[in-house]
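**Q** Count the sequence shown with the working numbering and you get residues 8 to 520, in order.
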Amino acid sequence: MADSTPLLSQSNSLTDSKQRPSLDQVIEQCIGDFGFAQLVQAVLVSLAWVFDAQQTFISVFAEAEPTWHCNQIGNESCDSLVSNICQLPKDSWSWDRPIYSSIISEWELQCSNSLIKGLPASSFFMGCLAGGLLLATLADSSLGRKNMLFLSCLVMSFSSLLTVFSPNIWIYSALKSLNGFGRATIGTSALVLSTELVGKRWRGQVGVIGFFCFTLGFLSLPAIAYINRDSSWRNLYLWTCAPTIFYCILLHFLVHESPRWLFIKGRREEAVSILTSIGQSERKDLNQELLSDLEFEQESWNVDIYSAIKILTQKRWAFRRLSAVMIIGFGTGFIYYGMPLGLGAQNFNLYLSVTFNALSELPASLIPFFFIDKLKRKYSLLVFNSVSCVCSILCAIAGKMSANLQIGLELVSFFSACTGFNILLIYSLELFPTSVRNSAISMVRQALVLGGVFSPQLVAAARKNEFLSYGMFGLVIGTCVLFVICLPETKGKTLCDTMEEQEHKERSASNLE
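(1) Are there three or more Cβ pairs, one per stretch, closer than 8 Å when the stretch 441 to 450 is compared with the stretch 349 to 364?
(2) Does the separation of the CB atoms of E203 and R267 fall below 8 Å?
(3) Using DSSP bridges, identify the partner residues of H76.
(4) According to the neighbour-count rule (16 or more other Cβ atoms, all chains shown, within 10 Å of its Cβ), is S409 buried or exposed?
(5) Taking 6 Å as the limit between beta carbons, can you name the residues of its chain near S367, skipping five residues before and five after?
(6) Cα separation between R190 and L126?
(7) According to the Cβ coordinates, are T339 and F253 closer than 8 Å?
(8) Do G151 and E72 have their beta-carbon atoms positioned less than 8 Å apart in this structure?
(9) In angstroms, rounded to a whole number, what distance separates the CA positions of T505 and L198?
(10) Using three-state DSSP, classify C487 as helix, strand or coil.
(11) Do you know offhand how far K500's Cα is from Y244's?
(12) Would you say V466 faces chain B, with C-beta separation under 8 Å as the test?
(13) Look at the Cβ atom of V491, then the Cβ atom of L319, and state whether they are nearer than 8 Å.
(14) With a cut-off of 8 Å on the beta carbons, I'd call Q61 and T222 a contact; round off their distance for me.
(15) Three or more C-beta pairs under 8 Å: does that hold for the stretch 394 to 409 against the stretch 479 to 486?
(16) Is the beta carbon of I285 sitting closer than 8 Å to the one on Q45?
(17) Leaving out the 5 sequence neighbours to the left and right, which residues in its chain are closer than 7 Å to P463 when beta-carbon positions are compared?
(18) Which of the three DSSP states is assigned to T497 in this structure?
(19) Cα separation between I234 and V262?
(20) How many Å lie between N309 and F439 at the Cα?
(21) Give the secondary structure of N445 by DSSP, where H, G and I count as helix, E and B as strand, and everything else as coil.
(22) Provide the residue span of the alpha helix (DSSP H) that contains K183, from first to last.
(23) Assign D237 to one of three DSSP states: helix, strand, or coil.
(24) Looking at V239: is its Cβ nearer than 8 Å to the Cβ of S108?
(25) According to DSSP, is S265 helix, strand or coil?
(26) With T202 as the anchor, note down where its alpha helix (DSSP H) starts and where it stops.
(27) Determine the closest residue to H259 out of R384, T362, K153, with distance taken between C-alpha atoms.
(28) For M333 and A454, which I take to be in contact (beta-carbon distance under 8 Å), what is that distance rounded to the nearest angstrom?
(29) Secondary structure at M408, three-state DSSP: helix, strand or coil?
(30) What does the Cβ neighbour count give for S515, buried or exposed, with the cut at 16 atoms within 10 Å?
(31) What residue does the alpha helix (DSSP H) around I281 start on, and which one ends it?
(32) Report all residues from its chain with a CB closer than 8 Å to the CB of I65; omit the five preceding and five following residues, and keep chain order.
(33) DSSP on L150, reduced to helix/strand/coil?
(34) Below 8 Å between beta carbons: does that hold for M133 and S201?
(35) Considering only their Cβ atoms, is the gap separating I379 from I433 smaller than 8 Å?
(36) Throw me the rounded Cβ distance for the C85 and C77 pair, which I believe falls under 8 Å.
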């Protein structure tokens, strides 16, 4: 048997008949079943996903290329179905909607190359990438889950407000980059904080609440855009940033910090106070007794904001896991962010197609919500991402045959990718211990965002060749999902809190084998 590393300060005497409970066990006993206090906390934290979704996909409408018509009926030189708008005299055609309804028409970008048209969306995802890399470990080291979530929402909301005053594509793209930088850690912090406030029995279901909220945010966009279809694109940003600012106030005053993180950082009194307040009232005395006996030894290596990433790369098992889930996330990001951006190029109503895509996220969230306790993580990821791969490639072929068939295949592909994405996040939660969990999931999300950086350029170039978007999306996600073979199955496993505890668990499992 391998030597064990003590994780809790306790007597090692052989005469002890019982080992002191671990941090995870004590928290489980204190929190008890899923009560009203946990529900309120989970919902409040998960609401951040609503505003995250709105800023992520607002480009679908604000940066859409509007439809146009010929000014003179019967003009043989002007046909809105086949003519190239850039080769027509300006007085021979007009936009179907007011010129200020999109940045394309307001700033006359209709004849710009694909790099310029895709610049705002790419800048947003580049900002997400930079924000994730620079802020990835703050939630694990100095700020904590709650403060990181609050700061991210605040930066996202104010940068969105400033976007309203953009005078040109360059300022607009710069502010989109700042907006992406701010929202980079919202999903990660919200997911980790909500799941660490409940027991392991409800971890998967609570995580899915965030996915539901993201779907609601996505679904609200076509409604907001339709109401403002004849108004300026700037109204879209006003309608989404104002509620976010109000949410930041609620978040600051009503949400608790993760007691797990507080224990890890040695802030015992705060952790005990939170556990006592959210625990079941009839168990208050028992909770106090359990917590008074708990002596948790915090990890000494986590002393700066990049130490979490450093330790993840130094440990072979951690680096192997992190690399595999990041590659899978990169492939998923191509479809997850690319598919909605490509809807404007289809011969289908934009508002309906975006609504259908948003609605497809609902069953994608329901599957993990109801079946996460029964689904094997590795097999589920492989199946859903493979289906997305096949349907995406078929979508590129179907575009030449039928618009209805193409949107149908696109919906199946997007639904499968969304389901795989939701499972991947829960899977990642279970692969890493508390001390580095937020950082690890941040890196997975950054890999997802990296896929989003390239997808707008492919979508812009796909107006001439659809295989450059849908075909490439399918090939990438199909290749990347194969790396799931390198990962262990985590279904039904207990979460670890420190790297030492995780390593001890891995050694014990190896010895049993």
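We put the beta carbon where it would ideally sit given N, CA and C, even for glycine.
**A** Reading from the atomic positions:
(1) No: the two stretches stay apart, fewer than three of their Cβ pairs being nearer than 8 Å.
(2) For the purposes of this step, residue 203 is taken as the residue at position 196 of the sequence shown. For the purposes of this step, residue 267 is taken as the residue at position 260 of the sequence shown. Yes, Cβ-Cβ distance for E203 and R267 is below 8 Å.
(3) Taking the first residue of the sequence shown as position 1, residue 76 is located at position 69. Answer by DSSP bridge pairing, in chain order: S101.
(4) Looking up residue 409 in the sequence shown gives position 402. By the beta-carbon neighbour count (other beta carbons within 10 angstroms, threshold 16), S409 is exposed.
(5) Numbered from 1 along the sequence shown, position 360 holds the residue referred to as residue 367. Counting only Cβ-Cβ distances below 6 Å, and skipping sequence neighbours, we find L418, F421, F422.
(6) Reading the sequence shown from its first residue, position 183 is the one you call residue 190. Reading the sequence shown from its first residue, position 119 is the one you call residue 126. Cα to Cα, the separation comes out at about 18 Å.
(7) Your numbering for residue 339 matches position 332 in the sequence shown. Your numbering for residue 253 matches position 246 in the sequence shown. Contact: no.
(8) Indexing the sequence shown from 1 puts residue 72 at position 65. Indexing the sequence shown from 1 puts residue 151 at position 144. The answer is no: Cβ separation not under 8 Å.
(9) Here residue 505 refers to the residue found at position 498 when the sequence shown is read from its first residue. Here residue 198 refers to the residue found at position 191 when the sequence shown is read from its first residue. Within the model, the alpha-carbon separation for T505 versus L198 is close to 19 Å.
(10) Locating residue 487 in the sequence shown gives position 480, counting from the first residue. In the three-state DSSP reduction, C487 falls in the helix class (H, G or I).
(11) For this step, residue 500 is matched to residue 493 along the sequence shown. For this step, residue 244 is matched to residue 237 along the sequence shown. Those two C-alpha atoms are separated by around 43 Å.
(12) Of the chains in the structure shown, none is chain B; there is only one protein chain.
(13) Locating residue 491 in the sequence shown gives position 484, counting from the first residue. Locating residue 319 in the sequence shown gives position 312, counting from the first residue. Between V491 and L319, the gap from beta carbon to beta carbon reaches 8 Å or more.
(14) As a first step, residue 61 must be located in the sequence shown, where it is residue number 54. As a first step, residue 222 must be located in the sequence shown, where it is residue number 215. Not a contact, Cβ separation roughly 12 Å.
(15) yes
(16) For the purposes of this step, residue 285 is taken as residue 278 along the sequence shown, with counting starting at 1. For the purposes of this step, residue 45 is taken as residue 38 along the sequence shown, with counting starting at 1. In contact: I285 and Q45 (Cβ atoms closer than 8 Å).
(17) Taking the sequence shown and counting its residues from 1, one reaches residue 463 at position 456. G125, A128, S129, L348, listed in sequence order.
(18) Taking the sequence shown and counting its residues from 1, one reaches residue 497 at position 490. DSSP places T497 in coil when its eight states are reduced to three.
(19) In the sequence shown, residue 234 corresponds to position 227, counting from 1. In the sequence shown, residue 262 corresponds to position 255, counting from 1. Between I234 and V262, the C-alpha separation is close to 33 Å.
(20) In the sequence shown, residue 309 corresponds to position 302, counting from 1. In the sequence shown, residue 439 corresponds to position 432, counting from 1. The predicted position of N309 is uncertain, since its pLDDT is 48 and thus under 50; a value taken from the coordinates is nonetheless stated next. Their Cα atoms are separated by approximately 15 Å.
(21) Position 438 of the sequence shown holds residue 445. Helix, per DSSP.
(22) Indexing the sequence shown from 1 puts residue 183 at position 176. For K183, the enclosing alpha helix (DSSP H) has its first and last residue at 176 to 190.
(23) To locate residue 237, count along the sequence shown from 1; it is residue 230. Coil.
(24) Sequence index remark: in the sequence shown, residue 239 carries index 232 (1-based). Sequence index remark: in the sequence shown, residue 108 carries index 101 (1-based). The sequence given here places Ser at residue 239; Val does not occur at that position. Yes; because the gap between Cβ atoms is below 8 Å, this pair is in contact.
(25) Counting from 1 along the sequence shown, the entry for residue 265 is found at position 258. Residue state, collapsed to three classes: coil.
(26) Taking the first residue of the sequence shown as position 1, residue 202 is located at position 195. Residues 193 to 203.
(27) For the purposes of this step, residue 259 is taken as residue 252 along the sequence shown, with counting starting at 1. When each option's Cα is compared against that of H259, the closest is K153.
(28) Taking the sequence shown and counting its residues from 1, one reaches residue 333 at position 326. Taking the sequence shown and counting its residues from 1, one reaches residue 454 at position 447. Right, their Cβ atoms sit about 4 Å apart.
(29) Counted from its first residue, the sequence shown places residue 408 at position 401. The three-state reading of DSSP puts M408 in coil, since its state is none of H, G, I, E or B.
(30) Residue mapping note: residue 515 aligns to position 508 of the sequence shown, counting from 1. By the neighbour-count rule (16 or more Cβ atoms within 10 Å), S515 is not buried but exposed.
(31) On the sequence shown, residue 281 is found 274 positions in, with the first residue counted as 1. 275 to 285 is the span of the alpha helix (DSSP H), which, as asked, contains I281.
(32) Your numbering for residue 65 matches position 58 in the sequence shown. Excluding residues within five positions, the ones whose Cβ falls inside 8 Å are L228, L243, Y244, T247.
(33) As a working mapping, residue 150 is identified with position 143 in the sequence shown. L150 falls in the coil class under three-state DSSP.
(34) Here residue 133 refers to the residue found at position 126 of the sequence shown. Here residue 201 refers to the residue found at position 194 of the sequence shown. Cβ distance not < 8 Å, so M133 and S201 don't count as in contact.
(35) Taking the sequence shown and counting its residues from 1, the one referred to as residue 433 is at position 426. Taking the sequence shown and counting its residues from 1, the one referred to as residue 379 is at position 372. Judged by beta-carbon spacing, I379 lies within the 8 Å limit of I433, meaning their Cβ atoms are closer than that value.
(36) What you label residue 85 is simply residue 78 of the sequence shown in a count that begins at 1. What you label residue 77 is simply residue 70 of the sequence shown in a count that begins at 1. At roughly 4 Å, the Cβ-Cβ gap stays under 8 Å, so C85 and C77 are in contact.
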